[in-house]
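To start, the structure under review is shown below, and the notes come after it.
Protein chains: 2
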Amino acid sequence: MTLALIAGAGALPAALVAALPERPFIAALDGFPPEGLAPDLTFRIERLYPFFAALHDAGVTQVTFAGAVRRPRLDPALFDAATAQIVPRLMQAMAQGDDATLREVIALFEEDGLAIAGAAEIAPALVPGEGLLVGQITARDQQDAARAAAIAEALGRVDVGQGCVVQQGLCLAAETLSGTDAMLSTVAGLPAALRPPAQAGRGLLYKAPKPLQDRRIDLPALGPASVAAAAAAGLGGIAWEAGGVICLDLPQMQALAAEQGLFLWARAASSGGRA
Amino acid sequence: MTLALIAGAGALPAALVAALPERPFIAALDGFPPEGLAPDLTFRIERLYPFFAALHDAGVTQVTFAGAVRRPRLDPALFDAATAQIVPRLMQAMAQGDDATLREVIALFEEDGLAIAGAAEIAPALVPGEGLLVGQITARDQQDAARAAAIAEALGRVDVGQGCVVQQGLCLAAETLSGTDAMLSTVAGLPAALRPPAQAGRGLLYKAPKPLQDRRIDLPALGPASVAAAAAAGLGGIAWEAGGVICLDLPQMQALAAEQGLFLWARAASSGGRA
Numbered sequence: 000m001t002l003a004l005i006a007g008a009g010a011l012p013a014a015l016v017a018a019l020p021e022r023p024f025i026a027a028l029d030g031f032p033p034e035g036l037a038p039d040l041t042f043r044i045e046r047l048y049p050f051f052a053a054l055h056d057a058g059v060t061q062v063t064f065a066g067a068v069r070r071p072r073l074d075p076a077l078f079d080a081a082t083a084q085i086v087p088r089l090m091q092a093m094a095q096g097d098d099a100t101l102r103e104v105i106a107l108f109e110e111d112g113l114a115i116a117g118a119a120e121i122a123p124a125l126v127p128g129e130g131l132l133v134g135q136i137t138a139r140d141q142q143d144a145a146r147a148a149a150i151a152e153a154l155g156r157v158d159v160g161q162g163c164v165v166q167q168g169l170c171l172a173a174e175t176l177s178g179t180d181a182m183l184s185t186v187a188g189l190p191a192a193l194r195p196p197a198q199a200g201r202g203l204l205y206k207a208p209k210p211l212q213d214r215r216i217d218l219p220a221l222g223p224a225s226v227a228a229a230a231a232a233g234l235g236g237i238a239w240e241a242g243g244v245i246c247l248d249l250p251q252m253q254a255l256a257a258e259q260g261l262f263l264w265a266r267a268a269s270s271g272g273r274a
Numbered sequence: 000m001t002l003a004l005i006a007g008a009g010a011l012p013a014a015l016v017a018a019l020p021e022r023p024f025i026a027a028l029d030g031f032p033p034e035g036l037a038p039d040l041t042f043r044i045e046r047l048y049p050f051f052a053a054l055h056d057a058g059v060t061q062v063t064f065a066g067a068v069r070r071p072r073l074d075p076a077l078f079d080a081a082t083a084q085i086v087p088r089l090m091q092a093m094a095q096g097d098d099a100t101l102r103e104v105i106a107l108f109e110e111d112g113l114a115i116a117g118a119a120e121i122a123p124a125l126v127p128g129e130g131l132l133v134g135q136i137t138a139r140d141q142q143d144a145a146r147a148a149a150i151a152e153a154l155g156r157v158d159v160g161q162g163c164v165v166q167q168g169l170c171l172a173a174e175t176l177s178g179t180d181a182m183l184s185t186v187a188g189l190p191a192a193l194r195p196p197a198q199a200g201r202g203l204l205y206k207a208p209k210p211l212q213d214r215r216i217d218l219p220a221l222g223p224a225s226v227a228a229a230a231a232a233g234l235g236g237i238a239w240e241a242g243g244v245i246c247l248d249l250p251q252m253q254a255l256a257a258e259q260g261l262f263l264w265a266r267a268a269s270s271g272g273r274a
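From first to last, the protein sequence lines stand for chains A and B. Sequential numbering from 0 applies to the first sequence in numbering that gives the first Met the number 0. Sequential numbering from 0 applies to the second sequence in numbering that gives the first Met the number 0.
So this is what it looks like as structure tokens:
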């Protein structure tokens, strides 16, 4: 069983490779070079079937997606005949949003005989189960996490984002296209008068998969940079859906959170608390 | 029947007063002075019942709320005995979010014999009915408005905000605590590479009331500044739920939109199009 990693942008692909017992075959989408990894192959969506053939030639039977990609711009001149046939399918899926697009891409790989493995499946150590990993949480934090989980579910159900920031019941920011770091930098820039007084609860970043997404791809991710950005935004900690979020370099995240006085909480999806 | 306007921040209270046949009694929350209006009375939440008494003394029987207020910080030393009795009710409502807080405030006024009138009721000219008011919309704009309406409904249902920005099906930003202007300035600051190419659709700002809110208070508002901010964010126009959004100075909004090449579209809540 040979595994190929389809590596997007960000730190996740390299973290995943480091967590695997042996180096996988590494492929990257043209224009989205992975950080700290040398791809064995670079491919374009316009030539998806030649790419599938190259994977088969390399003995690949299983594929994992990791890292961010944005909608690539397609160049009509580059299509091969087989890939051109599936353009209407792709276009229709893209018009329905990111979830639909990813489902369609998964379907294309599977139809070609390539099994999709989730990051959580091949590197379970990166996806912490339930528990308070660093620091302390208050009743206020529990209420904020419950409210944030309800908001993230609503946002996810309309395919908008995988996270939000809540302080004392108020939603300070919702994740959209520009991602978690941009959301946290928005929060850091909020006028102090807009935010409730910190002594009654500093608020938290919350992340969770979208309710309708295929959990084999595009799980939300956290890393040391998220901890630093949450601290810079004046938050009290980070909570996330246990078993549904990838943590890049958890030891480093824990060290940084302890140093900054933040909690890290892998929260059970079924946790109570007023939403 | 004497009307009192409870005036919050922003341009809405003055616009409302200008649209009324005669000047109402004007009250303002301490710390939130209305723009361009001299209040007849300034009140504090801690002394709500003395404020009610003052309204009755002035012959007020009907009250309209207009303009933004944020959660005021309460000073325990200022409470009168009657108002102190309702603190637990207020606290419980505030813990449940802005919608619940506003519902509770409305209930307190009504229990004291003061009727609540919506801005749309006393100044219907400020709340345009269905129609394309300026410019042209494409099929892409119609799809974006339908998707934005679905996102705004989801956000509103969890009491987060009353608007979002959608371009070619992608949610570029969702309105939270910091409001529409902050959301549009976030969009204006997005890296160009994150946004889809403008020639396929410039995207739109969409606003609508929250599904569960009392439409007598806290209707979303648009004004000339919204048009300027939408233009600065590179959007193609503004759409909103017809009959559910207050337009401050519609002639000025229309002139500015025409000048900037933006559409203004009061869209029927039941409009079709793929969400």
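Beta carbons are placed, not taken as given, at the ideal position from N, Cα and C, and that holds for glycine.
Buried or exposed by the 16-neighbour rule on C-beta atoms within 10 Å, applied to residue i
i, result
"Ala-199 of chain B", "exposed"
"Asp-74 of chain B", "exposed"
"Gly-243 of chain A", "buried"
"Ala-191 of chain A", "exposed"
"Gly-30 of chain B", "exposed"
"Asp-140 of chain A", "buried"
"Glu-174 of chain B", "buried"
"Asp-97 of chain A", "buried"
"Thr-1 of chain A", "exposed"
"Gly-168 of chain B", "buried"
"Gln-84 of chain A", "exposed"
"Leu-249 of chain A", "buried"
"Ala-65 of chain A", "buried"
"Asp-158 of chain A", "buried"
"Pro-33 of chain B", "buried"
"Arg-266 of chain B", "buried"
"Asp-143 of chain A", "buried"
is_contact[residue i, chain B] using C-beta, thresh 8 Å
i, result
"Gly-96 of chain A", "yes"
"Ala-172 of chain A", "yes"
"Thr-179 of chain A", "no"
"Thr-175 of chain A", "yes"
"Ala-106 of chain A", "no"
"Val-226 of chain A", "no"
"Ala-37 of chain A", "no"
"Leu-211 of chain A", "no"
"Leu-275 of chain A", "Shown here, chain A extends from 0 to 274; a query on residue 275 of chain A therefore has no answer."
"Ile-150 of chain A", "yes"
"Leu-113 of chain A", "no"
"Ala-207 of chain A", "no"
"Leu-193 of chain A", "yes"
"Ala-267 of chain A", "no"
Neighbourhood of residue i by C-beta, 8 Å cutoff - its chain only, sequence neighbours within 5 removed
i, result
"Thr-82 of chain A", "Ile-44, Glu-45, Arg-46, Leu-47, Tyr-48 and Pro-49"
"Val-226 of chain A", "Ile-237, Met-252, Leu-255, Ala-256, Gln-259, Leu-261 and Leu-263"
"Pro-38 of chain A", "Ala-6, Ile-25, Ala-26, Ala-27 and Pro-32"
Closer than 8 Å to chain A by CB, residue i
i, result
"Gly-168 of chain B", "yes"
"Arg-156 of chain B", "yes"
"Leu-183 of chain B", "no"
"Leu-204 of chain B", "no"
"Leu-234 of chain B", "no"
"Ala-199 of chain B", "no"
"Leu-28 of chain B", "no"
"Phe-238 of chain B", "Correcting the residue identity first, residue 238 of chain B is Ala in this sequence and not Phe. Output row for Ala-238 of chain B: interface = no."
"Val-159 of chain B", "yes"
"Leu-101 of chain B", "no"
Same chain only: Cβ atoms within 7 Å of residue i, ignoring 5 sequence neighbours per side
i, result
"Leu-36 of chain B", "Ala-6, Pro-12, Ala-13, Val-16 and Ile-25"
"Pro-210 of chain B", "Glu-152, Gly-155 and Arg-156"
"Arg-103 of chain A", "The sequence as given places Glu at residue 103 of chain A; Arg does not occur at that position. Answer for Glu-103 of chain A: Arg-88, Leu-89 and Ala-92, listed in chain order."
"Arg-70 of chain A", "Met-93"
"Gly-58 of chain A", "Thr-1"
"Phe-108 of chain A", "Val-62 and Ile-115"
"Ala-99 of chain B", "Ala-92"
Contacts around residue i, its chain only, beta-carbon distance under 6 Å, and the 5 residues preceding and following it disregarded
i, result
"Val-186 of chain A", "Val-164, Leu-171, Ala-172 and Ala-232"
"Gly-188 of chain A", "none"
"Glu-240 of chain B", "Ala-207 and Ala-268"
For the segment 229-236 of chain A against the segment 200-207 of chain A, do three or more pairs of beta-carbon atoms, one drawn from each stretch, fall closer than 8 Å, so that the two count as touching? Flag = yes, the segment 229-236 of chain A and the segment 200-207 of chain A touch.
Using 8 Å as the cut-off, can you tell me whether the segment 177-196 of chain A makes contact with the segment 116-125 of chain A, which would need three or more C-beta pairs spanning the two stretches below that distance? With the cut-off at 8 Å, the segment 177-196 of chain A and the segment 116-125 of chain A do not touch.
Would the segment 127-135 of chain A and the segment 122-141 of chain B be scored as touching if the rule is three or more Cβ pairs under 8 Å? Contact between the segment 127-135 of chain A and the segment 122-141 of chain B is absent, because fewer than three Cβ pairs lie under 8 Å.
Using a Cβ cut-off of 8 Å, which residues of the segment 77-92 of chain B contact any Cβ in chain A, in chain order? Close to chain A, meaning a Cβ-Cβ distance shorter than 8 Å, is no residue of the segment 77-92 of chain B at all.
Does the contact criterion of 3 or more C-beta pairs under 8 Å hold for the segment 156-168 of chain A versus the segment 13-24 of chain B? Contact annotation: the segment 156-168 of chain A does not touch the segment 13-24 of chain B, with fewer than three C-beta pairs closer than 8 Å.
Do three or more CB pairs link the segment 208-227 of chain B to the segment 254-263 of chain A at distances below 8 Å? These segments do not touch.
With 9 Å as the C-beta to C-beta threshold (strictly closer), list the residues of the segment 242-262 of chain A near chain B in chain order. The segment 242-262 of chain A vs chain B, Cβ under 9 Å: nothing.
When you check each C-beta in the segment 53-74 of chain A against every C-beta of chain B, which residues fall closer than 9 Å? So the list reads Arg-69, Arg-70 and Arg-72, given in the order they occur along the chain.
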